[in-house]
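Asks:
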Amino acid sequence: MKFESRELECLLIVGLWCTHPVDMERPSARQVIQLLNFEATLPELPQELHDPAFVPRPLSPDSDDSPEA
Numbered sequence: 001m002k003f004e005s006r007e008l009e010c011l012l013i014v015g016l017w018c019t020h021p022v023d024m025e026r027p028s029a030r031q032v033i034q035l036l037n038f039e040a041t042l043p044e045l046p047q048e049l050h051d052p053a054f055v056p057r058p059l060s061p062d063s064d065d066s067p068e069a
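If you use this note's numbering, the sequence shown corresponds to residues 1 to 69, in order.
(1) Quick check on this structure: which residue in L59, L49, N37 and S60 has the alpha carbon closest to the alpha carbon of D23?
(2) Going straight from the alpha carbon of L8 to that of P58, what length do you get?
(3) Does DSSP classify A29 as helix, strand or coil?
(4) Using only CA atoms, which one of K2, R6 and P21 lies nearest to G46?
(5) Do L36 and I13 have their C-beta atoms closer together than 7 Å?
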């Protein structure tokens, strides 16, 4: 399978940016489209953007995300 390394780099950076732990730091849909179309410069993401250990957030009692019994 062939791929362009520039496209792969773009997808990885956009994916990481979209999952930024701080909601307000995530890109808008417009920014994502511009990046994927190579119409904007890729952002410089911090080296330690994500914590390598996954720790799920506890569900709140009034959340609709709780599993049904």
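Cβ coordinates follow ideal geometry from the N, Cα and C atoms, glycine included.
Replies: Quick answer:
(1) As a first step, residue 23 must be located in the sequence shown, where it is residue number 23. With distances taken between Cα atoms, D23 lies closest to L49.
(2) Taking the first residue of the sequence shown as 1, we reach residue 8 at position 8. Taking the first residue of the sequence shown as 1, we reach residue 58 at position 58. Approximately 34 Å between the Cα atoms of the pair.
(3) Residue 29 sits at position 29 when you count from the first residue of the sequence shown. Residue state, collapsed to three classes: helix.
(4) Numbered from 1 along the sequence shown, position 46 holds the residue referred to as residue 46. Note on residue identity: the sequence assigns Pro, not Gly, to residue 46. For the residues K2, R6 and P21, the minimum Cα distance to P46 belongs to P21.
(5) Numbered from its first residue, the sequence shown carries residue 36 at position 36. Numbered from its first residue, the sequence shown carries residue 13 at position 13. At a Cβ-Cβ threshold of 7 Å, L36 and I13 do not count as neighbours.
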